[in-house]
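Peer 1: One structure, pasted below without further comment.
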Amino acid sequence: MQENKFKISLFLGGGQSGKSLFAENCAKKWHHVVYYATGGLVEKSPEWEFRIQNHRARRPEHWKTIEHPVPLEEVVKYCEEQKTEVLLVDCLTLWMGWQMALNIQNYSPFQLLKHLENETQHFINQLKILSCPVLVVSNEVGEGVIPGSESGRIFREALGNMNLAVGSLAQCITFSIAGQHLLLKNMSQNFINGFCPMGIVDENFIFTELNKDPLVGENNVNK
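Under full-length UniProt numbering, the first residue of the sequence shown is numbered 1, with each subsequent residue one higher.
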């Protein structure tokens, strides 16, 4: 198995499942936090503005917040220059939504999906540059019905592929349901006859895992 040297934790879940709040609580275990908000403001959307204000209000004032449309390259550069202790990216879903909105008129469906794959790889390559741990929030999009529109199906496939790619690098993956956070992956999990018992975890567990050497325990995975 390929060695994993990246300190990434992926927080998956449905809408309003508690995944973002969990990721924020994990980030509070560090002091120098950069919060990359990928949603940005949507013109003439009071509902969206209300949600953004709620997110801002619950974040500690000393966190550095960088919002869309600032590209990830600038966020990574800032984190490296300022010796950031942890980067929180919330979320891949909104990032992918902006990529769709900006490019859907410029490509055929096949070309659009290929373009999104390239943008995803570029995004991941930027994450690999970081020397600090990264907390990444995203929606699980594979549990609902197949979208009725072509653009909806492209979005689901592109975000699903992005979740897979980030998940393959992640040291930890959790899945949030009704405010409870199920551990799906960590680097010290032990498989016995193909089975690995997992359970509910909290921010202390994630903090401890991301402060371990990512290569320790690698040989215990997927035995």
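We treat Cβ as the ideally placed atom computed from N, Cα and C, and that holds for glycine.
In chain order, what residues of the same chain lie with their CB nearer than 6 Å to the CB of Gln-2, ignoring the 5 residues before and after it?
Peer 2: Reliability fails at Gln-2, whose pLDDT of 40 lies under 50, so the model's placement of it is uncertain and no value is given.
Peer 1: How far does the beta strand (DSSP E) with Ile-8 in it reach, from first residue to last?
Peer 2: 8-13
Peer 1: In the stretch 166-216, which residue ranges form an unbroken alpha helix (DSSP H) of at least 4 residues, counting only runs that do not cross its ends?
Peer 2: Unbroken alpha helix (DSSP H) stretches of 4 residues or longer found wholly inside the stretch 166-216: 203-210, given in chain order.
Peer 1: Going by DSSP, what residue range makes up the beta strand (DSSP E) through Leu-88?
Peer 2: 86-90
Peer 1: Which whole-angstrom value describes the C-beta separation of His-32 and Thr-84, a residue pair presumed to lie in contact below a C-beta threshold of 8 Å?
Peer 2: 5 Å
Peer 1: Would the stretch 170-180 and the stretch 11-26 be scored as touching if the rule is three or more Cβ pairs under 8 Å?
Peer 2: yes
Peer 1: Take Pro-60 and list the residues in its own chain whose beta-carbon comes closer than 8 Å to its own, dropping the five residues that flank it on each side.
Peer 2: Hits under 8 Å: Lys-28, Val-33.
Peer 1: Which class does Ile-104 belong to by DSSP, given the choice of helix, strand or coil?
Peer 2: coil
Peer 1: Could you name the residues of the same chain whose beta carbon sits closer than 6 Å to that of Asn-25, not counting the 5 residues immediately before and after it, in chain order?
Peer 2: Glu-203
Peer 1: Near Leu-169, what residues of its chain come up, given a Cβ to Cβ distance below 6 Å and the 5 sequence neighbours on each side ignored?
Peer 2: Phe-6, Ile-8
Peer 1: As a quick exercise: from Gly-40, Thr-93, Trp-48, pick the residue whose alpha carbon is nearest that of Val-141.
Peer 2: Thr-93
Peer 1: Sort Ser-138, Pro-69, Lys-114 by Cα distance to Cys-91 and report the nearest one.
Peer 2: Ser-138
Peer 1: For Ile-129, which residues in the same chain have their Cβ closer than 8 Å to its Cβ, ignoring the five residues on either side in sequence?
Peer 2: Val-76, Glu-80
Peer 1: Anyone know if the C-beta pair for Leu-135 and Ala-23 falls short of 8 Å?
Peer 2: A contact, by the Cβ cut-off of 8 Å.
Peer 1: Of the residues Ile-146, Cys-172, Tyr-35, Met-96, which one's Cα is nearest the Cα of residue 270?
Peer 2: No statement about residue 270 is possible, as the shown extent of the chain runs from 1 to 223 and does not include it.
Peer 1: Please work out which residues of its chain come closer than 8 Å, Cβ to Cβ, to Pro-147, disregarding the five sequence neighbours upstream and downstream, and give them in chain order.
Peer 2: Arg-153, Phe-155, Arg-156
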